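Data first, discussion second: the structure below is written as structure tokens.
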Amino acid sequence: MIRGSFLNMAARCLQLAALLSFFFFSGALPFPLGPEAGKSPTCGYKPDMLNVHLVPHTHDDVGWLKTVDQYFYGAHSGDGQMMVTCMEHTHAGVQYILDSVVDQLLKNPDRRFIYVETAFFYRWWRQQSSSMKQTVKQLVEEGRLEFVNGGWCMSDEATTHYSSVIDQMTLGLRFLNETFGLCGRPRVAWHIDPFGHAREHASMFAQMGYDGFFFGRLDYQDRSQRMATKDQELLWRASESLTPPMADLFTGILPNGYNPPTGFCWDQSCDDPPIRDDPELEDYNVDDVVNRFVAIANSQSMVYKTNHIIMTMGSDFQYENANLWYKNLDKLIRYVNAEQADGGKVNVLYSTPSCYLQELHRANSTWALKTDDFFPYADAAHDFWTGYFTSRPALKRYERISNSNLQTCNQLEVLGGPGSRKGPFGEGDSQTLKEAMAVAQHHDAVSGTEKQHVANDYARRLANGWQRCQVLVSNSLAALSGSTAERIYCDNLNISVCPLTEAMNVYNPLARPVSYPVRLPVNGSSYEVTDANGKPVLPVSSSTQEVRRSRGSALRELLFQAEAPPLGFTTFTNKFLRVTFDPDTGLLSGLSNLETKQRIKLTQNFYCDQPSGAYIFRPNSSTPFVISSSAKTESIQGVVVQEVRQVFSPWVSQVVRLYSDRRELELEWTVGPVPIDDDLGKEVITRFDTSIKTSQYFYTDSNGREMLRRRKDFRPSWTLRQSEPIAGNYYPINSRAFIKDEEDQLTVLHRRLLYDDVRGVAEPLNETSHIFPEGLVVRGGVLLSLQPPPRAADAHRPLAQQVVLQPLLSFTEGELHPDTRLE
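As structure tokens, this is what we get:
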């Protein structure tokens, strides 16, 4: 049994949840009426007609071509680079949209509107008078204004981590609950614009209690096949580990993406003719409008299962002048329904997604079952939207670091009590970073598909939020440790020396002990590392190994006792792993697990290919260009770690590390600035070739949580005609992947592009900064673990958590307080 509430809009706060039953039947799941649902009032449908549910809506990106602030106020971006085709976005002002919609809803009780982005609504709400707030609450209570989705933003589904998605949903839903109570609770998840859909998102929505999930973008081949079988509405079983129906979610694919039918857009940004219904005036067109609409409705009904169909009436930043829309929609409903007196079989009504879902529930139909996901997404044979999986890697990494910092901030806010928010270091808060992180989950933020000045704004918000959190963390650590010494966080440790490294705190945000290698850029040559009681933490000699840094002033890196062996190495070993290298090329050649006696051939190299765009990945060959067939190498062996430093080119290098007490191999790469002297941007990838034979199956995570099995050139729920053998086999990875295919597999590391892919952003992805004016330099890494399959999860799941939630380092001058604990 599964509980789901399908509430009539006029009485949604009073209606009890309907009890639904799902039964297996011929590989599909029915969606029958529950015992209570039959007693519910209708939303205005007529049982013997084709009911067309018109859903007025606006899609308001929380940043894209303009910043979130510019979109709210309707300000111009100021960069002078807007395309003519996107001119409507240069003025788009969300505050005016909400003003106008509320005004128009009050003029006709039949009108409906749905709103999605709580980040914008929250801003607007704070500016309203008490009387306006009461008016809006009444609209919500009557179901005339309905919130859908309810998160701070409409999150990306490919590049987000589940913990951050939960946080941004919590932020938005908490505001709606505190402001509107039960009436403000969204019943439907609404992801109309993200570029592919993750199973884990559907699983989370189901577990949050949503009744349904609607989206607009679907692979063009998948849509064609679903239209033929009338399976554009389905039941998504979104978890292999949860017992059904815990992660089951009804899912609907919208007919026009999220736009109105062709010829029926009445926004000020559209060119479609209004309904001219005065027969005494020229250009009377009611008959033409009715005939065209009925034809479209009948055509749409042929590819959906019931006598209820949905039409989204709105699009990007529409309804700034809501009167244009509602005046024409009122006429459309009136004149189409007037045809019923002469035998017409089409009934048009204002509706909402939850009302539409209620009528599908009443239809007592049977729905197909889906257990995989909707990646990768292609809108044409050679246009796979997989490039954004890696666009703007520095912003993606900064978002992950900010998430880790936020979890630390949240924990210390609780542990430190009220003194964490106001203490010896001033007033701090976690809310600023919470809101910045929530905005960063938007499908044009962490995805990397925004304009450069917008990406800069996202990063600035994260930095400002962390500054507020640093005060809170310092106050909390002072209360917990008894030391009020000033704390320095050295956010630029990845590129420069920290001015203060005398005493250091390491805060572990995980609920279990971890062993974490701390790497500090330093200028001196003699160091001792001890804990708060003066006991040695690591055996460190009187000198440390020099590490050349591409940026910053640090001459060395404090790591471990190090000895440089002669060149000509072939093997690195600890008590768990053996790593072998080809002495002729300097490349990896093998990996062995000494505990389990496993050994595989493993080679790795770096390649590049032609540029695409922020959204699209389209290599011009299935064989990429090797950057170098060999690497210049330097080896270092010490007590704590062994390293091989590989240089493939002046702009691609890598360090292979094997720590003495770790069961995984670390590979840390540095890429950039990508050369563009030839006027060609480049896609940079690394490829692992192994001796593992897996019949073309491999596994990737879904938003960092559950794993999905993939198969090359195959889709589990529809027949694929593969037109892009590389991009069409590219999937999002947020924490880990099992590379078990002997065929070539790709992981894109850093992408610097000189051309746009004509998907709306109107700007090539070519990142620079004041630190790196010649082009961005990005550092990242992967961990490789070799285990027997039954034991693999015991290794990779804790590692995935450690990568996402890393210890926070802070530095103070002087000695550590004796009460400081090292865990």
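Sequence positions in the sequence shown follow mature numbering (1 follows the signal peptide of the UniProt record, and there is no 0) and run -28 to -1, 1 to 795.
C-beta: ideal position from N, C-alpha, C; glycine also.
It should be emphasised that the depicted structure is a prediction, and the values quoted were computed from it without experimental measurement.
Exposed unless 16 or more other CB atoms sit within 10 angstroms - verdict on residue i
i: residue 481; result: buried
i: residue 212; result: exposed
i: residue 514; result: Bear in mind that the predicted position of residue 514 carries a pLDDT of just 29, short of 50, making it unreliable; the figure below should be weighed with that in mind. Residue 514 is exposed by the Cβ-count criterion.
i: residue 434; result: buried
i: residue -15; result: Its pLDDT being 39, under 50, residue -15 is placed unreliably by the model, and the measurement read from it follows with that caveat. Exposed is the call here.
i: residue 277; result: buried
i: residue 776; result: buried
i: residue 77; result: buried
i: residue 457; result: buried
i: residue 23; result: buried
i: residue 448; result: buried
i: residue 263; result: exposed
i: residue 274; result: exposed
i: residue 421; result: buried
i: residue 310; result: exposed
i: residue 406; result: buried
i: residue 555; result: exposed
i: residue 763; result: exposed
i: residue 19; result: exposed
i: residue 488; result: exposed
Anticipated Cβ contact below 8 Å, residue i with residue j, distance rounded
i: residue 294; j: residue 66; result: About 13 Å separates the two Cβ atoms, so there is no contact after all.
i: residue 341; j: residue 209; result: 6 Å
i: residue 300; j: residue 238; result: 4 Å
i: residue 878; j: residue 123; result: Since the first residue shown for the chain is -28 and the last is 795, residue 878 is missing from the structure and cannot be characterised.
i: residue 427; j: residue 364; result: 6 Å
i: residue 598; j: residue 607; result: So it is not a contact: roughly 23 Å between Cβ atoms.
i: residue 126; j: residue 89; result: 7 Å
i: residue 586; j: residue 360; result: 6 Å
i: residue 111; j: residue 87; result: Actually they do not touch by this definition, with Cβ atoms about 11 Å apart.
Enclosing beta strand (DSSP E) for residue i [first to last residue]
i: residue 642; result: 637 to 643
i: residue 581; result: 570 to 581
i: residue 28; result: 22 to 28
i: residue 702; result: Run containing residue 702: none; DSSP gives neither H nor E here.
i: residue 282; result: 280 to 285
i: residue 438; result: Not the beta strand (DSSP E): residue 438 falls in the alpha helix (DSSP H), residues 424 to 453.
i: residue 194; result: Where residue 194 is concerned, there is no enclosing beta strand (DSSP E), although the alpha helix (DSSP H) it sits in stretches over 192 to 201.
i: residue 686; result: Per DSSP, residue 686 belongs to no beta strand (DSSP E) and is neither H nor E.
i: residue 107; result: Unbroken run through residue 107 is the alpha helix (DSSP H), 102 to 113; no beta strand (DSSP E).
i: residue 205; result: 205 to 209
First through last residue of the alpha helix (DSSP H) which encompasses residue i
i: residue 90; result: 90 to 98
i: residue 683; result: Residue 683 -> not in any alpha helix (DSSP H); beta strand (DSSP E) instead, spanning 679 to 683.
i: residue 352; result: Careful: residue 352 lies outside any alpha helix (DSSP H), inside the beta strand (DSSP E) at 350 to 352.
i: residue 144; result: 134 to 152
i: residue 41; result: 40 to 45
i: residue 230; result: From DSSP, residue 230 is part of no alpha helix (DSSP H); its letter is neither H nor E.
i: residue 408; result: 403 to 412
i: residue 297; result: 294 to 310
Per DSSP, the bridge partner or partners of residue i
i: residue 319; result: 23
i: residue 783; result: 460 and 476
i: residue 691; result: Beta-bridge pairing links residue 691 to no other residue.
i: residue 553; result: 560
i: residue 169; result: 346
i: residue 618; result: 605 and 626
i: residue 87; result: 119
i: residue 661; result: 575
i: residue 257; result: Note: residue 257 sits in no beta bridge, so no partner.
i: residue 399; result: 394
i: residue 755; result: 638
Residue i Cβ short of 6 Å to the ligand NAP heavy atom set
i: residue 256; result: Judged by which ligands are present, the structure shown has none, so any question about the ligand NAP falls away.
Chain C within 7 Å of residue i, Cβ atoms only
i: residue 655; result: As a matter of chain content, chain C is missing from the structure shown, which is built from one protein chain.
Given 8 Å, three or more beta-carbon pairs between the segment 368 to 385 and the segment 321 to 334: Because the criterion of three Cβ pairs below 8 Å is not met, the segment 368 to 385 and the segment 321 to 334 do not touch.
Three or more C-beta pairs under 8 Å: does that hold for the segment 404 to 417 against the segment 337 to 357? The segment 404 to 417, when compared against the segment 337 to 357, does not touch it at the 8 Å Cβ threshold.
For the segment 686 to 693 and the segment 192 to 201, state whether three or more C-beta atom pairs, one from each stretch, are separated by less than 8 Å. yes
Sufficient close CB pairs (3 or more, under 8 Å) joining the segment 623 to 641 to the segment 662 to 676: no
Evaluate contact between the segment 16 to 32 and the segment 246 to 257, counting only Cβ atoms and requiring at least three cross-stretch pairs below 8 Å. no
Please determine if the segment 152 to 164 and the segment 369 to 378 are in contact, where contact requires at least 3 C-beta pairs separated by less than 8 Å. no
If we count Cβ pairs, one from each stretch, closer than 8 Å, do we get three or more for the segment 199 to 207 versus the segment 220 to 227? yes
Is the segment 756 to 771 close to the segment 623 to 630, with three or more CB pairs under 8 Å? no
Decide yes or no for the touch test of the segment 105 to 122 against the segment 157 to 164: beta carbon pairs closer than 8 Å, at least 3 of them. yes
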